[in-house]
Amino acid sequence: MPAWGWWLIALGVVLLLVLWSAVEKALGLAPLTCESAIDEVVAMTAGEPASGQVLDISDASFLEDRQDELDDGAFTVAAGRETDEVLVCRGAGEWGDGSYGAIEFGYTADAAGNLFTYVAPVG
Numbered sequence: 002m003p004a005w006g007w008w009l010i011a012l013g014v015v016l017l018l019v020l021w022s023a024v025e026k027a028l029g030l031a032p033l034t035c036e037s038a039i040d041e042v043v044a045m046t047a048g049e050p051a052s053g054q055v056l057d058i059s060d061a062s063f064l065e066d067r068q069d070e071l072d073d074g075a076f077t078v079a080a081g082r083e084t085d086e087v088l089v090c091r092g093a094g095e096w097g098d099g100s101y102g103a104i105e106f107g108y109t110a111d112a113a114g115n116l117f118t119y120v121a122p123v124g
């Protein structure tokens with residue numbers, strides 16, 4: 002095979018990986034991350050009054066990750082609750098009113114596996 006053939010194969014593999022990543026994201030198959038939750042929290046709170054509007058979250062870290070349970074069908078919601086945490090993250094939040102503080106955010110799910118984004122100030 003000529004050298005340009007190998008380059009075409011390599012380019013095809015890269016394009017396939019990029020396309021698969023886009024398909025995963027569009028279909029909701031990609032793993033949940035703190036970064037994706039940040040984007041959703043910012044969008045979700047955009048219409049809130051300044052004191053409830055999250056502009057940005059930095060220094061995000063995982064506290065809890067139960068995605069495997071959700072993927073395996075073993076996820077359960079605690080008795081008396083409508084949803085339970087799937088992915089819990091914590092970071093430094095910047096609020097629309099100019100304040101800063103610790104913030105907890107991530108995803109919850111109901112017993113049927115429907116995902117919801119949540120955010121709560123810490124402290």
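At position 8 of the sequence shown (counting the first as 1) the number is 9 in this note's numbering, and the numbers step up by one without a gap.
Virtual Cβ for every residue (Gly too), placed ideally from N, Cα, C.
If I follow the unbroken alpha helix (DSSP H) through residue i, where does it start and stop?
| i | result |
| --- | --- |
| residue 44 | 35-45 |
Select from the options the residue whose C-alpha is nearest the C-alpha of residue i.
| i | options | result |
| --- | --- | --- |
| residue 104 | 3, 77, 62, 2 | 62 |
| residue 41 | 50, 121, 107, 72 | 107 |
| residue 91 | 31, 32, 120 | 120 |
| residue 49 | 31, 114, 124, 96 | 96 |
| residue 79 | 4, 68, 112, 43 | 112 |
| residue 118 | 39, 32, 3, 31 | 39 |
| residue 32 | 44, 68, 82, 3 | 68 |
| residue 73 | 2, 114, 123, 3 | 114 |
| residue 82 | 109, 71, 123 | 109 |
Would DSSP call residue i helix, strand or coil?
| i | result |
| --- | --- |
| residue 59 | strand |
| residue 65 | strand |
| residue 121 | strand |
| residue 1 | With the chain covering only 2 through 124, there is no way to say anything about residue 1. |
| residue 48 | coil |
| residue 74 | coil |
| residue 81 | coil |
| residue 29 | Confidence at residue 29 is low in this model, with a pLDDT of 49, below 50, so its placement is unreliable and the value that follows should be read with caution. DSSP places residue 29 in coil when its eight states are reduced to three. |
What are the start and end residues of the beta strand (DSSP E) that includes residue i?
| i | result |
| --- | --- |
| residue 87 | 85-96 |
| residue 107 | 101-110 |
Would you mind stating whether residue i and residue j have Cβ atoms separated by less than 8 Å?
| i | j | result |
| --- | --- | --- |
| residue 64 | residue 87 | no |
| residue 55 | residue 94 | yes |
| residue 59 | residue 98 | no |
Does the beta carbon of residue i sit closer than 8 Å to a beta carbon anywhere in chain C?
| i | result |
| --- | --- |
| residue 100 | The displayed structure is made up of one protein chain only, and chain C is not part of it. |
Provide the residue(s) that pair with residue i in DSSP beta bridges, ordered along the chain.
| i | result |
| --- | --- |
| residue 116 | 110 |
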